[in-house]
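Here the structure is laid out as structure tokens; the discussion comes afterwards.
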Amino acid sequence: MRSVPIGRFAPLVILVVLAVLPYSTLQVPVLFDGLLNSPGTLQLLALCLLFGGLALSYDLLFGFTGLLSFGHALYFAGGTYVANLALTELGWGLGAALLLTTAVGTVLPLLVGSVALRVSGIAFSMVTLATAQVGSILVLQDPGGYTGGEEGLALDRGQVPDAFVGVFNTVNLYWLALVYLTVVYVVVSWVTRSRAGRVWQAIRENERRVEVLGLRPYTFKLLVFVLAGLLAALGGVVHLLVLGGSTPRTTTSEFTLSLLVMVVLGGAGSRWGAVLGGVLYTYLDSRLTDLASSPAVQDLPEWLRVPLSEPLFLLGSLFVVVVFFVPGGIAGLVDRLRSRRRRGEDDGPAPGRVVEQLKDRVGAGMSGPRDGI
Amino acid sequence: MSTIVLLTVTGLGLAALYFLVASGLSLIFGLMGVLNFAHGAFLTVGAYGTWWAAGHLPGAGSTGWSFVLAVVFGVAVGTAVAALVELALIRPLYERHIEQVLVTVGLSLAMVALVRAIWGADARPFPRPEWAQRTTSLLGANVPNDRFLLIGTAVVVLVAVLVLLRSTRIGLVIRAGVENRTMVTALGIDVRKAFTLVFAVGGAFAALAGSLGGVYLGSISPGQGTSLLIFAFIVVVIGGMSSITGTAVAAVLVGLVQQYANYYAASGVGDLSVVLLLAVVLLTRPSGLSAKVA
Amino acid sequence: MSTTEPTAAQRPVVLQLTDVHVRLSGSHILQGVDLTVRRGGVTALLGRNGAGKTTTVKSVLGLVPAAGTIELTDAAGRVHRLTGRRTHEVVRLGVGYAPEDREVFGGLTVAENLALAERRGSAHHPDRVYELFPELQQRSRQLAGTLSGGQQQMVAIGRLLLNDNQVLLVDEPTKGLAPLLVTEVAEVLARAAEEVTVLLVEQNLSVVRRMAIDAAVVDNGRVVWTGSASELLADADRTRELLGVATSAPLDESRSHSSSGAEGRTREDLPARRSRSAPAPEVGG
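Residue numbers (the numbering used here), protein chains in the order written: chain F, 5 to 377; chain S, 108 to 401; chain R, -4 to 280.
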């Protein structure tokens, strides 16, 4: 990055472009159905930005620290349900709901993390998966009728500022999502460059070396686990406002898996890669769903129509292809192209190649295979 | 008393399902270091294979031997899919564990979505042999026969796996490979053959669990495998990650705890207590209940 | 096993490493290893801790990704390129391996450990193993994990002797063993070396002195000295210089070499030395 001065300002330029985008009345024929600033398009874009930020919060765990959590959905869903309950059931204002969500979004990952991080490798992944499953079960059981079970929980808009209510205010939700993404990006940029960030990276590469330096990896891992959980919980609030309700889909393990897919697609360990992965995945998911119900697909012969009618089939397959042929995701690809142009300048590990460095971490921990040689 | 008997037998039936899924997972993880997220999809494929065969395959149906034939077909499809997945997608990523796990994640999403695309998202009534729908009186309780079918199958599978592991050459390779894969190759053994085998065998058991789970639940849906998979993962971890006997014990423990808690506390509490059980086991015995393979 | 015999430069090459490089997680561990192992007897691979001895052995087996050329010449004179082959294929060509920490399968019985090592397409000699280690026969049904270090080493070496091999790669077989066991293991290896070539990584110089014909010294990922083992060990200064250790026992033939050899650590010095002790390794292609 250092050798490309433009790269430094790129996020800022993109931010400005995204901020003024709703003023444009452009029609982008194939990519979007309506005008760029039509509510439908803006809502899709808002979701894209939101998931860009959420994917980045997951990348903080997976890409930057090497923690393969299968329970990130818990904190996101926790954010949307807690804020929803505070607004709808308790009748609190948005500010108070946000405070409560922040508190829960800190305490919940702190509790889970303090237990889960006592084990490593696959065991850690399993504990996070299992605790997230608790959240999913709780929501589906609908205790006391508070969560709405499978139906989800609609948001009582009475407590939400008018600026976030109504079709015409979709643009404000878009900006809200943009603010969320920006906050996550800035926080992640800052912490990954801080001393803690360097320790996280060291943990990813070799946890034992961190111990040798006299640092407790546990503390640092808990720190990143809580931070990522908090960022996800805040994303949950944005999701609640954009969708106007909470859905149990956000509690499932598939939801966390889709975050993993986003991050790997974009490039684990790369900030912009993770964001791009989140944006792209959300966009494709939505557009492919539209495509599936479009007459163009409905009229296709069955062998083509059937697979095309399931976005998840296409996304899952795309993901497998990326893992196979584009190691490091989009960020890794870009990095390779760039370094081919000016070979030998930087010898450091490419941003997207984190997955390869993580090789044996998943096999480590527990009584898994002990390969001594 | 009759409630306890019914709960226990049902819990054991559930344990049998968990064991069928978890045994394959634990063999695959133990030998290859791969956490196979596609395992739930193998289950779904087996269930739909059996369901399809009962309706379309000549000679197969929902009663007696024709049902057995349908199950055999479903299991064969599940086995073939699992072996194919290993050969085409897992093997090329040899020893790159994270990427292998990622591929199984992608597959689990794609395969379930494909089943949904073909047969729809809604649950389908599953063919149930008449015998399985009847009940047998046991110690004063009327126990549905499908429980015995599940338990009996799981016991047969457990014994078969133990025999395979303990008294065949490939079993020896698998046991050694779980301990130290690299040293097995350094003895001149192509350990990848064992990889394909455990994947195929694991896929067969998962498919069998899919068929029997269909009988037990009376219906099948594309997402069934994934929800069962999470509990199977928990069983694998509690059982010590790579031990067949440990997995069997853990399956019984999880199945019983879940049944009892769901009945005596409230619906859903059983599922939660299983997670609690996992946390307790991991924190007190971080390596799970057992560390031996067979 | 006569250490006084001069290095038999005419003995055919069995294993040839040419410009082998190994990079592992960013560090350049082997930086162009050239090593020739000649048929018959023991070639000792020496060097300080972390010099690259174990990595050299692993590169032959394909256990670490290696660049360069590694070739095995079998008894019939056929040359097999080992680089790029999978580990089990290398082993099936007749490369036996006993790793540093023995790596016996603790959860398997002694008999199972040995049964596992029986290679298809090779003659098996369980009798030879049990004859060399009668103790293993008594303990054949015992779990290998419950054996002592010395007994585990017997299993590890037994695995090598079960099959017919072209060359055995034995990594620090005496490490951590009691002195009595060191002698026993050394004796067994010496007997094995009468039938098959052994490349021996060893820190215990008295073991090296007892059995090695040739020696190669690795330092910083390169072979910095090759020649006759007795010549190396006879020169206390050079031994200390190359290996960073003082020879523990008084040397039996303590002819002190002139200081010209003592500086023989640099690579520049190597070609001359090599040309003296080992003529160019051109063996049919």
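The C-beta atom is built at its ideal place from N, Cα and C for all residues, glycine as well.
All of these numbers come straight from a predicted model, not from anything done at the bench.
> How about G118 of chain S: is its C-beta nearer than 9 Å to some C-beta of chain F?
Replying inline: no
>> Just to confirm the assignment, what range does the beta strand (DSSP E) spanning N249 of chain S have?
In response: 248 to 251
>> What does the alpha-carbon distance come out to for the pair E155 of chain F and S250 of chain F?
In response: 9 Å
>> On the DSSP bridge list, what partners appear for N158 of chain R?
In response: R:H119
> What in chain S is Cβ-close to E314 of chain F, meaning under 8 Å?
Replying inline: A220, L221, R223, A224
> Per DSSP, what kind of secondary structure is L39 of chain F in: helix, strand or coil?
Replying inline: strand
>> Once DSSP output is grouped into helix, strand and coil, what is the label at L246 of chain R?
In response: The predicted position of L246 of chain R is uncertain, since its pLDDT is 39 and thus under 50; a value taken from the coordinates is nonetheless stated next. Three-state DSSP puts L246 of chain R in coil, outside helix and strand.
>> Determine whether the beta carbon atoms of L56 of chain R and V32 of chain R lie at a separation below 9 Å.
In response: no
> Which residues, taken in chain order from the segment 288 to 313 of chain S, show a beta carbon closer than 8 Å to some beta carbon of chain R?
Replying inline: T289, M290, V291, T292, A293, L294, G295, I296, D297, V298
> Quick one: is V382 of chain S buried, meaning 16 or more other Cβ sit within 10 Å of its Cβ, or exposed?
Replying inline: buried
>> Restricting to Cα atoms, I'd like to know which of S:V322, S:S130, S:N143, S:Y125 is closest to L216 of chain S.
In response: S:N143
> Since A230 of chain S meets chain R, which of its residues come closer than 9 Å, beta carbon to beta carbon?
Replying inline: Here the premise fails: no neighbours, minimum Cβ distance about 43 Å.
> Would you say the segment 101 to 112 of chain F touches the segment 289 to 301 of chain F, given that touching needs at least three Cβ pairs under 8 Å?
Replying inline: no
> To the nearest angstrom, how far is it from the Cα of G118 of chain S to the Cα of A134 of chain F?
Replying inline: 20 Å
>> Measuring only the C-alpha atoms, how far is R223 of chain S from A272 of chain F?
In response: 30 Å
> Can you give the Cα-Cα distance for A167 of chain S and L315 of chain S, rounded to whole angstroms?
Replying inline: 16 Å
> Straight-line CA distance for D339 of chain F to H120 of chain R?
Replying inline: 55 Å
> Interface residues of chain F around A145 of chain S at Cβ under 7 Å?
Replying inline: Within 7 Å Cβ-Cβ: nothing; A145 of chain S doesn't reach chain F, min ~10 Å.
> Counting pairs of beta carbons, one from the segment 50 to 61 of chain F and one from the segment 189 to 200 of chain F, are three or more of them closer than 8 Å?
Replying inline: yes
> Considering only residues of the segment 224 to 294 of chain S, which uninterrupted alpha helix (DSSP H) runs meet the minimum length of 4 residues and lie entirely inside it, listed in chain order?
Replying inline: 237 to 240, 252 to 274, 276 to 286, 288 to 292
> Between which two residues does the alpha helix (DSSP H) harbouring S225 of chain R extend?
Replying inline: 224 to 229
> Can you tell which of R:S22, R:I152, R:A224, R:G222 has the C-alpha that lies nearest to the C-alpha of P60 of chain R?
Replying inline: R:S22
> Which chain F residues sit within Cβ distance under 7 Å of F403 of chain S?
Replying inline: Here chain S has residues from 108 to 401 only, and residue 403 of chain S is not among them.
>> Mapping the DSSP letters down to three states, classify W378 of chain F as helix, strand or coil.
In response: The requested residue 378 of chain F does not occur in the structure, where chain F is confined to residues 5 to 377.
>> Distance check for P43 of chain F and F172 of chain F, CA to CA, integer angstroms please.
In response: 7 Å
> Would W204 of chain F be called buried (16 or more neighbouring beta carbons within 10 Å of its own) or exposed?
Replying inline: buried
>> Quick check on Q47 of chain F: buried or exposed, where buried means 16 or more other Cβ atoms within 10 Å of its Cβ?
In response: buried
> Is any beta-carbon of chain S found at less than 9 Å from that of H75 of chain R?
Replying inline: no
> Which partner residues does E66 of chain R have in the DSSP bridge list?
Replying inline: R:Q11, R:R76
> So what's I296 of chain S in DSSP terms, helix, strand or just coil?
Replying inline: coil
> Looking at the C-beta of E206 of chain S, does it have a partner C-beta in chain R at a distance below 9 Å?
Replying inline: no
> Going along chain S, which residues have a C-beta under 8 Å from R154 of chain R?
Replying inline: L294
>> Is V324 of chain F close to chain S? Criterion is C-beta to C-beta, closer than 9 Å.
In response: yes
> Which stretch, first to last residue, makes up the beta strand (DSSP E) that contains Q306 of chain R?
Replying inline: Missing from the structure shown is residue 306 of chain R; chain R here goes from -4 to 280 and no further.
> Between the C-alpha atoms of L219 of chain F and E95 of chain R, what's the straight-line distance to the nearest angstrom?
Replying inline: 31 Å
> Can you check whether the CB of V228 of chain F is closer than 9 Å to the CB of F323 of chain F?
Replying inline: no
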